[in-house]
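**Q** Pasting a structure here, questions to come.
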Amino acid sequence: AQSVTQLDSQVPVFEEAPVELRCNYSSSVSVYLFWYVQYPNQGLQLLLKYLSGSTLVKGINGFEAEFNKSQTSFHLRKPSVHISDTAEYFCAVSRDDKIIFGKGTRLHILP
Amino acid sequence: EAQVTQNPRYLITVTGKKLTVTCSQNMNHEYMSWYRQDPGLGLRQIYYSMNVEVTDKGDVPEGYKVSRKEKRNFPLILESPSPNQTSLYFCASLGGGELFFGEGSRLTVL
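Top line first, the protein sequences correspond to chains C and L.
Numbering-wise, the first sequence is residues 15 to 125 according to the working numbering.
Numbering-wise, the second sequence is residues 10 to 119 according to the working numbering.
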């Protein structure tokens, strides 16, 4: 069975500092991996996805993630955050049309 | 514009009063799904549908029903709502390996 673990429920970071949001998954077979973002009072939108190919995936708003098969991780990174990045971020795993979400990580940007 | 539309966006109701949350997508996607979002629990899948007339339970289906009579519509039905169904609900459709979400329906059951 698949599962997704987001290791931090909340991450505070100063504006213009780098950030990493961690995601680990468990699956015995190949999966697709996603990061979604939810801005306050809005729905979810796709940040980036890994389906196959290069393990470094670039997404919108300057975010990127690296797929590490040996560590079963898909951590999300941004080199310099902005106040507008304040949101909740969800990692998700997909296999055979079954999509499982992590519990989310709230990113707090400190002035 | 490609979109998933949910209605109503906000609803306050009372225990036992049947309600339906509608969901419609204009992308001709075969797969649609309902999720509920609760603090600290992330998104949990309620029901999903692989195609017209094909539906299946997700992780938390108790107290909900769905139907898929047309490809574009996937309504969520609460036959007898209870306070523990107070939540934020999202409909989504899947296409090109990506889930497209509606803007959410915030339901309060008193």
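Even for Gly, the Cβ is constructed at its ideal location relative to N, Cα and C.
Keep in mind it's a predicted model, so treat the numbers as computed, not measured.
Tell me which residue opens and which closes the beta strand (DSSP E) that C/A31 is part of.
**A** Reading the first sequence from its first residue, position 17 is the one you call residue 31 of chain C. Careful: C/A31 lies outside any beta strand (DSSP E) and carries neither H nor E.
**Q** Using the DSSP secondary-structure output, state which residues sit across from L/R115 in a beta bridge.
**A** Taking the second sequence and counting its residues from 1, the one referred to as residue 115 of chain L is at position 106. In the DSSP output, where bridge partners are listed per residue, L/R115 has L/Y19 and L/L97.
**Q** Give me the subset of the region 48 to 70 of chain L whose CB atoms are less than 7 Å from a CB atom of chain C, sorted by chain position.
**A** Listed in sequence order: G49, L50, G51, L52 and M59.
**Q** Alpha carbon to alpha carbon, how far is C/P125 from C/D110? Give it in angstroms, no decimals.
**A** By 1-based counting over the first sequence, the position of residue 110 of chain C is 96. By 1-based counting over the first sequence, the position of residue 125 of chain C is 111. For C/D110 and C/P125, the distance between alpha carbons rounds to 43 Å.
**Q** Can you tell me the Cα-Cα spacing of C/S13 and C/E78, whole angstroms?
**A** With chain C represented from 15 up to 125, any question about residue 13 of chain C goes unanswered, as that position is not in the structure.
**Q** Can you say whether C/I74 is buried or exposed, counting buried as having 16 or more other CB atoms within 10 angstroms of its CB?
**A** The sequence position of residue 74 of chain C within the first sequence is 60, counting from 1. Exposed: under 16 other Cβ atoms inside 10 Å.
**Q** Consult DSSP for C/G76 and reduce its assignment to one of helix, strand or coil.
**A** Against the first sequence, residue 76 of chain C aligns to sequence position 62. Helix at C/G76.
**Q** Kindly list the residues whose CB is nearer than 7 Å to the CB of C/E80, restricted to its own chain and excluding five residues on each side of it in sequence; keep chain order.
**A** Within the first sequence, the letter at position 66 stands for residue 80 of chain C. Excluding residues within five positions, the ones whose Cβ falls inside 7 Å are T69, L70 and H89.
**Q** Since I believe L/P92 is in contact with L/V118 (beta carbons under 8 Å), could you give me their beta-carbon distance rounded to a whole number of angstroms?
**A** As a working note, residue 118 of chain L is residue 109 in the second sequence. As a working note, residue 92 of chain L is residue 83 in the second sequence. So it is a contact: roughly 5 Å between Cβ atoms.
**Q** Buried or exposed: which applies to L/R18, given that a residue is buried once 16 or more other Cβ atoms fall within 10 Å of its Cβ?
**A** As a first step, residue 18 of chain L is located in the second sequence; it is residue number 9 there, counting from the start. So L/R18 ends up on the exposed side.
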